[in-house]
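Chemist: Residue numbers (the working numbering): 958 to 1247.
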Ligand code: SAM
């Protein structure tokens, strides 16, 4: 595997995924009862936007940096995301750090919550252990996140938030494996909230993927999309998508608000757009705007 997330740290897709993750964690914490947070593709958890591994934050310039440098944001979800990034920078006394998904979750978990993160590459895994060193409620493990899911589901809490964020180096295989993991996790705990990130590169492939997801999983499924390049452009990554299975109550309404604001902050090409829509039409109202 050649993929290293550091090259992409803090890019627009990371921002989209991380704002969603922070919003999901907040929504889960509206109830006092604890939950298990799972991250199957964790990465190292921390990135230096001033360092060579991130190409000195090259991709973040069109993502996190725009959101962090905006004089103000309106949506509370965007504010919570900004607070989280600043929190990491203060915690490590390093003003250019950017948090990965494991740290974003770890620093939000309450005493009654717990987490498990998996990372396949040994070097990334050791970095992850260092990042999460101070958090007693989160365990990081080196290994294949898909394979280990069965060992922790269903959890004793009977509540779960599962993030699946594959590299899509082999896009078809990764999407197949991710969908299989979603389906088997929901068989083990039908109310588990699952967030599956996917790339938006071309609409034909995407339409096929989404209809397969719809057929494979019966749970209510919300699709969040944010794109900053024309959807048929050949730049590589045109947009970022998240399939949310069993999303929290009214998550669609809030996502409509914060995604529109996020688009305004990130859309420097005027080809951008966003959509919030239910894959199973009976599950909710559609909200889409280009
Ligand atoms: N979720 C991270 C974040 O938001 O900060 C970024 C994850 S990155 C997109 C994907 C990561 O998954 C890479 O670090 C890669 O090494 C790792 N990986 C790939 N296949 C894996 C597998 N089967 N199990 C666990 N980790 C895997």
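All residues carry an ideal CB built from backbone N, CA and C; glycine is no exception.
Computed from a predicted model, the values in this text were never measured in an experiment.
Report the CB separation of residue 1188 from residue 1196 in whole angstroms; it is logged as a contact under 8 Å.
Modeler: Sure, about 7 Å apart at Cβ, within 8 Å.
Chemist: Hey, how far is the Cα of residue 972 from the Cα of residue 1021?
Modeler: When rounded, the distance between both Cα atoms is 6 Å.
Chemist: Within 10 Å of its beta-carbon, does residue 977 have 16 or more other beta-carbons around it, so buried, or fewer, so exposed?
Modeler: Classification for residue 977: buried.
Chemist: Answer yes or no: do residue 1098 and residue 1139 have a C-beta to C-beta separation smaller than 8 Å?
Modeler: Not a contact, by the Cβ cut-off of 8 Å.
Chemist: Kindly indicate which three-state DSSP category residue 1206 falls into: helix, strand or coil?
Modeler: Note: residue 1206 maps to coil in three-state DSSP.
Chemist: What are the start and end residues of each continuous alpha helix (DSSP H) run of 4 or more residues lying completely inside the stretch 1073-1129, in chain order?
Modeler: Fully enclosed alpha helix (DSSP H) runs of 4 or longer: 1079-1088 and 1102-1109.
Chemist: Over the uninterrupted alpha helix (DSSP H) stretch that includes residue 1042, give me the two end residues.
Modeler: From DSSP, the alpha helix (DSSP H) with residue 1042 extends over 1033-1048.
Chemist: Would you check if the distance between the CB atom of residue 1183 and the CB atom of residue 1216 is smaller than 8 Å?
Modeler: Yes, they are a contact pair.
Chemist: For residue 964, collect the residues of the same chain with a Cβ closer than 6 Å to its Cβ; drop the 5 residues on either side in sequence, then sort them by chain order.
Modeler: Cβ within range, chain order: n/a, list empty.
Chemist: Are there 16 or more other CB atoms within 10 angstroms of the CB of residue 1071, so buried, or fewer, so exposed?
Modeler: Buried is the call here.
Chemist: Do residue 1014 and residue 1053 have their C-beta atoms within less than 8 Å of each other?
Modeler: Their beta carbons are under 8 Å apart, which means residue 1014 touches residue 1053 by this criterion.
Chemist: Buried or exposed: which applies to residue 1209, given that a residue is buried once 16 or more other Cβ atoms fall within 10 Å of its Cβ?
Modeler: Residue 1209 should be labelled buried.
Chemist: Output yes or no for whether 8 Å exceeds the beta carbon distance between residue 997 and residue 1075.
Modeler: Taking 8 Å as the Cβ cut-off, residue 997 and residue 1075 qualify as a contacting pair.
Chemist: State whether the stretch 1118-1131 contacts the stretch 977-992, with contact taken as three or more CB pairs (one from each stretch) at a distance under 8 Å.
Modeler: Touching, yes.
Chemist: Does residue 1249 come out as helix, strand or coil in the three-state DSSP assignment?
Modeler: As displayed, the chain neither begins before 958 nor continues past 1247, which places residue 1249 out of reach and without an answer.
Chemist: Between residue 1143 and residue 1174, is the Cβ-Cβ spacing less than 8 Å?
Modeler: Yes, Cβ-Cβ distance for residue 1143 and residue 1174 is below 8 Å.
Chemist: From which residue to which residue does the beta strand (DSSP E) around residue 1182 run?
Modeler: Element bounds for residue 1182: 1178-1184.
Chemist: Have a look at residue 1106 and residue 1145 and give me their C-alpha separation to the nearest angstrom.
Modeler: Residue 1106 and residue 1145: Cα-Cα distance of roughly 10 Å.
Chemist: Starting from residue 994, trace the beta strand (DSSP E) in both directions and tell me its first and last residue.
Modeler: Element bounds for residue 994: 993-996.
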